[in-house]
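Counting from 1 along the sequence shown, just add 14 to a position and that's the residue number in this note's numbering.
C-beta: ideal position from N, C-alpha, C; glycine also.
Predicted, not measured: the structure shown is a model, and the values here were computed from it.
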Amino acid sequence: MTARAEAAAATGERLLAAAWRHFATRPYEEVRLREIAAEAQVTAQTLHARFGSKEELFIAAYAWFGWQEMSERPAAPSADVAGAITQLYDRYEQHGRAILRMLSQEERIPAVRQMTEAGRAYHQHWAQSTFAPLLRGLRGDARERRLTAIVIATDLLVWKLLCLDMKLQREQAERVVAEMIQGSPQARQ
Numbered sequence: 015m016t017a018r019a020e021a022a023a024a025t026g027e028r029l030l031a032a033a034w035r036h037f038a039t040r041p042y043e044e045v046r047l048r049e050i051a052a053e054a055q056v057t058a059q060t061l062h063a064r065f066g067s068k069e070e071l072f073i074a075a076y077a078w079f080g081w082q083e084m085s086e087r088p089a090a091p092s093a094d095v096a097g098a099i100t101q102l103y104d105r106y107e108q109h110g111r112a113i114l115r116m117l118s119q120e121e122r123i124p125a126v127r128q129m130t131e132a133g134r135a136y137h138q139h140w141a142q143s144t145f146a147p148l149l150r151g152l153r154g155d156a157r158e159r160r161l162t163a164i165v166i167a168t169d170l171l172v173w174k175l176l177c178l179d180m181k182l183q184r185e186q187a188e189r190v191v192a193e194m195i196q197g198s199p200q201a202r203q
């Protein structure tokens with residue numbers, strides 16, 4: 015890669031990181047492109063030349079965040095339900111509030127809705143592949159109900175309810191989710 019290409023890539027990375035920080039911490043309407051440009055140490059003109067509109071920058075920043083998020087979540091099937099939940103809750107602790115902010119804006123802003131729908135699709139795919147061992151042998155409606163239960167149990171809104179609203183300690187919340195996925199220890203005996 016040439017020095018010019020490396021510099022352009024670094025500029026793009028700074029812009030996306032700055033954009034994500036702004037979109038993740040403030041309502042969409044309050045995010046100002048000139049502030050993002052200043053934080054990334056470029057001109058507003060450079061930002062517009064690179065990304066065009068605020069909506070296009072938002073989509074790019076959300077996609078940038080999404081790729082990072084996908085690389086952090088385990089993708090392989092896991093027989094270790096508790097371990098998979100711990101890794102998921104690590105991500106929720108780090109980015110959950112930002113995603114909740116996005117969810118609160120999805121009805122008003124089409125670009126936000128587009129990204130949250132993509133996030134839902136990714137979460138379902140992640141749950142299906144990660145907890146594949148729990149789906150083995152199930153067919154038809156039984157498989158769909160089990161997958162739906164797993165998707166719901168591992169959803170960000172369950173984390174919010176357990177950890178933020180009910181103020182459970184994280185390990186208690188993770189145990190509740192594991193029981194939602196596997197059944198209570200008494201039910202398994």
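(request) Please report the residue range of the alpha helix (DSSP H) in which Y103 lies. (result) Counting from one through the sequence shown, the residue named residue 103 turns up at place 89. Segment 95 to 119, the alpha helix (DSSP H) holding Y103.
(request) With DSSP collapsed to three states, give me the class of T144. (result) Walking along the sequence shown from the start, residue 144 turns up at place 130. Helix at T144.
(message) Can you find the residues in the same chain that come closer than 6 Å, C-beta to C-beta, to V165, ignoring five residues on each side of it along the sequence?
(response) Position 151 of the sequence shown, counted from the start, is the residue given in the question as residue 165. So the qualifying residues of the chain are Q138, A141.
(request) Would you mind listing the alpha helix (DSSP H) stretches within the stretch 128 to 195 that are 4+ residues and don't spill past its ends, in chain order? (result) As far as the stretch 128 to 195 is concerned, its whole alpha helix (DSSP H) runs of at least 4 residues are 146 to 149, 154 to 167, 170 to 173.
(message) With three or more beta-carbon pairs closer than 8 Å as the criterion, would you say the stretch 117 to 137 touches the stretch 60 to 73?
(response) Enough Cβ pairs lie closer than 8 Å, so yes.
(message) So, with DSSP's three-state summary, where would you put A40?
(response) Taking the first residue of the sequence shown as 1, we reach residue 40 at position 26. Per the sequence shown, residue 40 should be read as Arg rather than Ala. R40 falls in the coil class under three-state DSSP.
(message) Let's test the definition: count the other Cβ atoms within 10 Å of the Cβ of M180 and tell me whether it reaches 16, buried, or not, exposed.
(response) Taking the first residue of the sequence shown as 1, we reach residue 180 at position 166. Exposed.
(request) Whole angstroms is fine: what's the gap from Q183's alpha carbon to A167's? (result) Residue 183 sits at position 169 when you count from the first residue of the sequence shown. Residue 167 sits at position 153 when you count from the first residue of the sequence shown. Cα to Cα, the separation comes out at about 17 Å.
(message) Which same chain residues end up closer than 8 Å to V95 when comparing Cβ atoms and leaving out the 5 residues on each side of it in sequence?
(response) For the purposes of this step, residue 95 is taken as residue 81 along the sequence shown, with counting starting at 1. Counting only Cβ-Cβ distances below 8 Å, and skipping sequence neighbours, we find F145, L148, A192, I195, Q196.
(request) Go through its chain and collect everything with a Cβ distance to I50's Cβ below 6 Å, but skip five positions before and after it. (result) Taking the sequence shown and counting its residues from 1, one reaches residue 50 at position 36. In its chain, beyond the 5 residues on either side, A32, A33, H36 have a beta carbon closer than 6 Å to the beta carbon of I50.
(request) Compare the C-alpha of E53 against each of L171, T25, H109, Q119 and name the closest. (result) Residue numbering aside, residue 53 sits at position 39 when the sequence shown is read from its first letter. The shortest C-alpha separation from E53 is found at T25.
(request) Take A93 and list the residues in its own chain whose beta-carbon comes closer than 8 Å to its own, dropping the five residues that flank it on each side. (result) The residue you call residue 93 lines up with position 79 of the sequence shown. Within the same chain, A93 has close Cβ partners P147.
(message) Using the Cβ count rule (16 or more neighbours within 10 Å means buried), how would you classify A201?
(response) Here the question's residue 201 lines up with position 187 in the sequence shown. Note on A201: pLDDT 49, under 50, position unreliable in the model; the coordinate value appears next. Exposed: under 16 other Cβ atoms inside 10 Å.
(message) By the three-class DSSP mapping on this structure, what secondary structure does G66 have?
(response) Taking the sequence shown and counting its residues from 1, one reaches residue 66 at position 52. Here G66 sits in coil by DSSP.
(request) Assign R18 to one of three DSSP states: helix, strand, or coil. (result) On the sequence shown, position 4 is the one that residue 18 refers to. R18: helix per DSSP, three-state reduction.
(request) Leaving aside the five residues before and after A38 along the sequence, list all residues of the same chain whose C-beta is less than 7 Å from its C-beta, in chain order. (result) Numbered from its first residue, the sequence shown carries residue 38 at position 24. Excluding residues within five positions, the ones whose Cβ falls inside 7 Å are A112, R115.
(message) Taking 8 Å as the threshold (C-beta atoms), are L61 and L29 in contact?
(response) The residue you call residue 29 lines up with position 15 of the sequence shown. The residue you call residue 61 lines up with position 47 of the sequence shown. Contact: yes.
(message) Quick check: L176 and A187, are their CB atoms within less than 8 Å of each other?
(response) The count along the sequence shown starts at 1 and reaches residue 176 at position 162. The count along the sequence shown starts at 1 and reaches residue 187 at position 173. Yes, they are a contact pair.
(request) Look at the alpha carbon of A22 and the alpha carbon of S118, and state the distance between them as a whole number of angstroms. (result) Here residue 22 refers to the residue found at position 8 of the sequence shown. Here residue 118 refers to the residue found at position 104 of the sequence shown. So the alpha carbons of these two residues sit roughly 33 Å apart.
(request) Starting from I123, trace the alpha helix (DSSP H) both ways and give me its first and last residue. (result) Position 109 of the sequence shown, counting from 1, holds the residue named residue 123. Looking at the DSSP string, I123 is not in any alpha helix (DSSP H), and its letter there is neither H nor E.
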